[in-house]
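The next block holds one structure in the form of structure tokens; read it before the comments.
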Amino acid sequence: MINQADTLFVLLSAAFVMLMTPGLAFFYGGMVRRKNILSVLMQCFVALCLLSLQWILFGYSLSFAPGNGFWGGLSWFGLNGVGAAPYAGYSATIPHQAFMVFQMMFAVITPALIIGAFAERMKFSAFLVFTLLWATFVYDPLCHWVWGEGGWLKNLGVLDFAGGIVVHTSAGIAALVTTIVIGKRRNLEHTPSPHNLPFVVLGTSLLWFGWYGFNAGSALAVNGIAVSAFIATNTAAAAAGLSWAFLEWIRNGKPTVFGIVTGSIAGLATITPASGFVTPISAIIIGIAASIVCFIAVAVTKPRFGYDDSLDAFGVHGVGGILGTLLTGVLASKVINPAGSNGLFYGNPKQLLIQLVGVVVAISYTFLATFVIYKLVDIFFRMRVSEKDELVGLDLTQHRERAYTILE
Amino acid sequence: MKLVIAIIQPYKLEEVKEELYKADVNLITVSEVLGHGRQKGVTEVYRGARETGNLLRKIRLEIAVNDNFLESTIKAIVKGAKTGETGDGKIFVLDLKECVRIRTEERGAAAIG
């Protein structure tokens, strides 16, 4: 039975989540050097175009068709059988296609998140092929395992409300792999400062806004769980932004704009898997934990290991996603969401173990599959641009455009 | 005293700076300029329309040196900026009449370094 309010809510949420990809483009684009901003905007935008089509043609089927525990199969190829009638396996109150298009936006932004790891040095043609293969062979299967009907991690009882595993852990681990394999950017004595911090703030604001659709929309209905996910999302982002600013103030002497927005994003990524399962107080704890752990990952661990995760895709999204998925096993409560489970603090230590299994499986699979895909594309297309192209900048060498003029 | 003005490719700035540091030349002024040399350079395309003959983006260096530093400064710039292709840029050397360090009001050779 279709509920009009639910349908409207899910469609609007899909539009919110769509806006996150351009938001991410500005979040990342402001951070790179100005000779590379267009390349980042282009990569995000082309991900939106490319993966929208992939999803309609076969991505949705691979992810959500009944299939078996490991993949959805091709029975819904080209949206065959995915129509206006609800599909009770996912939601009994909205048209099946509304669920499909909502999920499409997740499938678009997840590969786009990885861009932060190899920004300023990947060839555009190779990027296209890599993104298509990664979406098909990493995102789609993982999505099926955790969210698809009969997915084996779902059957195991893994809780992932809006994508701590499917979106953030997978993109974050892929980021770590690609940043290590592609190598550091050339001629960098130190991390370059963001060329346009206001863009980073603009991008963060769009992401924060879109995240309401991401998390609250994942309730797929206008109900108490959607409201509670909305509040948890905002609360964690606020707690994380504030605590990151204070951490910097204590450690480096000044709170920075870059810091408070990075903290907010860390909080949003971390609350994602937990958003529909936790109380507002738990959301504050999750937000603070997100800032502390991601701050250590970005400011201490990264310099120590020396990998060049240009825009901290792993340090913020990967670490946040993993942390959030584990904290869901600690702080989830059936009072908030009767369809979920209780976590460790609510007398069910087993849930933490289940979450750990989910995370370890996602990390291992993503690590291996991303590495294989990267190497394969590298053989045929060479992933990295030439040294001269990298020094001149990707905007001119990959797209023959530049973002800013000097005169006029 | 000489004033060295060099026009170089923007992406060569890091290398030129490195060579200058090696030559013990540490005081430089850098600005971004537009210019037109012999080369056509990288063509930009906006929505499919090719634009040629654009003014190209270059970096302009200004370095004031004492005479005994002149040759090593020129060599350092050439070493850092040369690719052998058109567009590498030019170096101009001018006589410098006076130099004043504002903080101490020193003048001449003592004020340059």
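First to last, the protein sequences are chains A and B.
Our numbering applies: residue 1069 is where the first sequence begins, and numbers increase by one.
Our numbering applies: residue 4 is where the second sequence begins, and numbers increase by one.
Built from N, CA and C at the ideal position, the CB exists for glycine as well.
All of these numbers come straight from a predicted model, not from anything done at the bench.
Handout entry: Distance CB(Leu1106 (chain A))-CB(Glu1458 (chain A)) smaller than 8 Å
Key = No, these two residues do not count as a Cβ contact at 8 Å.
Exercise for the section: Could you tell me whether the Cβ atoms of Ile1182 (chain A) and Thr1089 (chain A) are closer together than 8 Å? Expected result: Result no, Cβ atoms of Ile1182 (chain A) and Thr1089 (chain A) do not sit closer than 8 Å.
Handout entry: Beta-bridge pairing of Arg117 (chain B) - partner residues as DSSP gives them
Key = Missing from the structure shown is residue 117 (chain B); chain B here goes from 4 to 116 and no further.
Handout entry: Reduced DSSP secondary structure (H/G/I, E/B, other) of Met1451 (chain A)
Key = Here Met1451 (chain A) sits in coil by DSSP.
Practice task
Check whether the Cβ atoms of Thr1282 (chain A) and Gly1098 (chain A) lie closer than 8 Å to each other.
Solution key: It is Phe, not Thr, that sits at residue 1282 (chain A) in the sequence shown. No, these two residues do not count as a Cβ contact at 8 Å.
Exercise for the section: Report the residues of the region 12-37 of chain B with a CB closer than 7 Å to any CB of chain A, ordered along the chain. Expected result: Per Cβ criterion, the list reads Tyr14, Glu17, Glu35 and Leu37.
Practice task
Taking Ile1474 (chain A) as the query, report the chain B residues whose CB atoms sit under 9 Å from its CB, ordered along the chain.
Solution key: At a beta-carbon threshold of 9 Å, the residues of chain B lying near Ile1474 (chain A) are Glu35, Val36, Leu37, Leu58 and Arg60, ordered along the chain.
Exercise for the section: Verify the CB distance criterion: does Asn1255 (chain A) have a CB-CB separation below 8 Å to chain B? Expected result: Answer yes: the Cβ-Cβ gap between Asn1255 (chain A) and chain B drops below 8 Å somewhere.
Exercise for the section: Flag Leu1459 (chain A) as yes if its beta-carbon sits less than 8 Å from any beta-carbon of chain B, otherwise no. Expected result: At least one CB of chain B lies nearer than 8 Å to the CB of Leu1459 (chain A).
Practice task
Give me the Cβ distance between Ile1233 (chain A) and Leu1275 (chain A), rounded to the nearest whole Å; I'm assuming they're in contact under 8 Å.
Solution key: 19 Å between Cβ atoms; not a contact.
Practice task
Work out the CA separation of Ile1474 (chain A) and Met1172 (chain A) for me, nearest whole Å.
Solution key: For Met1172 (chain A) and Ile1474 (chain A), the distance between alpha carbons rounds to 40 Å.
Handout entry: Per-residue DSSP class, three states only, for Glu1316 (chain A)
Key = Residue state, collapsed to three classes: helix.
Handout entry: Range covered by the alpha helix (DSSP H) that runs through Ala9 (chain B)
Key = Taken as a continuous stretch (DSSP letters only), Ala9 (chain B) belongs to no alpha helix (DSSP H), being part of the beta strand (DSSP E) at Lys5 to Ile11.
Handout entry: Neighbour-count burial assignment, Arg1189 (chain A), 16 or more Cβ in a 10 Å radius
Key = Buried, by the Cβ-count rule.
Problem - For Phe1170 (chain A) and Trp1144 (chain A), the rounded distance between their alpha carbons - result: CA-to-CA, the gap between Trp1144 (chain A) and Phe1170 (chain A) works out to about 16 Å.
Practice task
State yes or no: is the C-beta of Ala1430 (chain A) within less than 8 Å of the C-beta of Thr1237 (chain A)?
Solution key: Against a cut-off of 8 Å, the Cβ pair of Thr1237 (chain A) and Ala1430 (chain A) comes out as a contact.
Problem - Buried versus exposed call for Phe1448 (chain A) [16 or more other C-beta atoms within 10 Å across all chains shown] - result: In the assembly as shown, Phe1448 (chain A) is an exposed residue. Its beta-carbon has fewer than 16 other beta-carbons within 10 Å.
Exercise for the section: Classify Phe1229 (chain A) as helix, strand or coil using the three-state DSSP reduction. Expected result: Here Phe1229 (chain A) carries a coil assignment [DSSP, helix/strand/coil].
Practice task
Within the region 1343-1414 of chain A, note down every full alpha helix (DSSP H) run reaching 4 residues or more, in order along the chain.
Solution key: Segments of the alpha helix (DSSP H) lying fully in the region 1343-1414 of chain A: 1348-1364, 1370-1373 and 1387-1399.
Problem - C-alpha gap between Met1168 (chain A) and Ser1159 (chain A), whole angstroms - result: Straight-line Cα distance between these residues: approximately 11 Å.
Practice task
Say whether the region 22-36 of chain B touches the region 68-85 of chain B, bearing in mind that this needs 3 or more beta-carbon pairs closer than 8 Å, one atom from each stretch.
Solution key: Contact holds: three or more Cβ-Cβ distances are below 8 Å.
Exercise for the section: Since I believe Lys20 (chain B) is in contact with Asp36 (chain B) (beta carbons under 8 Å), could you give me their beta-carbon distance rounded to a whole number of angstroms? Expected result: For the record, residue 36 (chain B) in the displayed sequence is Val; it is not Asp. So it is not a contact: roughly 17 Å between Cβ atoms.
Handout entry: First and last residue of the uninterrupted beta strand (DSSP E) at Phe1145 (chain A)
Key = In this chain, Phe1145 (chain A) is not harboured by any beta strand (DSSP E), its DSSP state being neither H nor E.
Problem - Buried/exposed call for Pro1163 (chain A), threshold 16 Cβ in 10 Å - result: Under this definition Pro1163 (chain A) is a buried residue.
Handout entry: Range covered by the alpha helix (DSSP H) that runs through Phe1113 (chain A)
Key = Start and end: Ile1105 to Gln1122.
Handout entry: Reduced DSSP category for Asp98 (chain B) - H, G, I as helix; E, B as strand; rest coil
Key = DSSP places Asp98 (chain B) in strand when its eight states are reduced to three.
Handout entry: Cα-Cα separation between Thr1369 (chain A) and Cys1362 (chain A), rounded to whole angstroms
Key = Approximately 10 Å, taken between the alpha carbons.
Handout entry: Beta-carbon contacts of Val1269 (chain A) that lie in its chain and below 6 Å, excluding the five residues immediately before and after
Key = Result list for Val1269 (chain A): Val1329, in chain order.
Handout entry: Beta-carbon proximity of Phe1077 (chain A) to Val1290 (chain A), cut-off 8 Å
Key = Yes, these two residues count as a Cβ contact at 8 Å.
Practice task
Note down, one range per segment and in chain order, each beta strand (DSSP E) of at least 3 residues found wholly within the region 1156-1211 of chain A.
Solution key: Listed in chain order, there is nothing to give.
Exercise for the section: Quickly, what does DSSP pair Gly92 (chain B) with across the bridge? List them, please. Expected result: Bridge partners of Gly92 (chain B): B:Ile11.
Exercise for the section: For the alpha helix (DSSP H) holding Asn1283 (chain A), just list the boundary residues, first then last. Expected result: Here the alpha helix (DSSP H) through Asn1283 (chain A) covers Leu1265 to Ala1284.
Handout entry: Cβ-Cβ distance between Gly1216 (chain A) and Ser1131 (chain A) below 8 Å
Key = Taking 8 Å as the Cβ cut-off, Gly1216 (chain A) and Ser1131 (chain A) qualify as a contacting pair.
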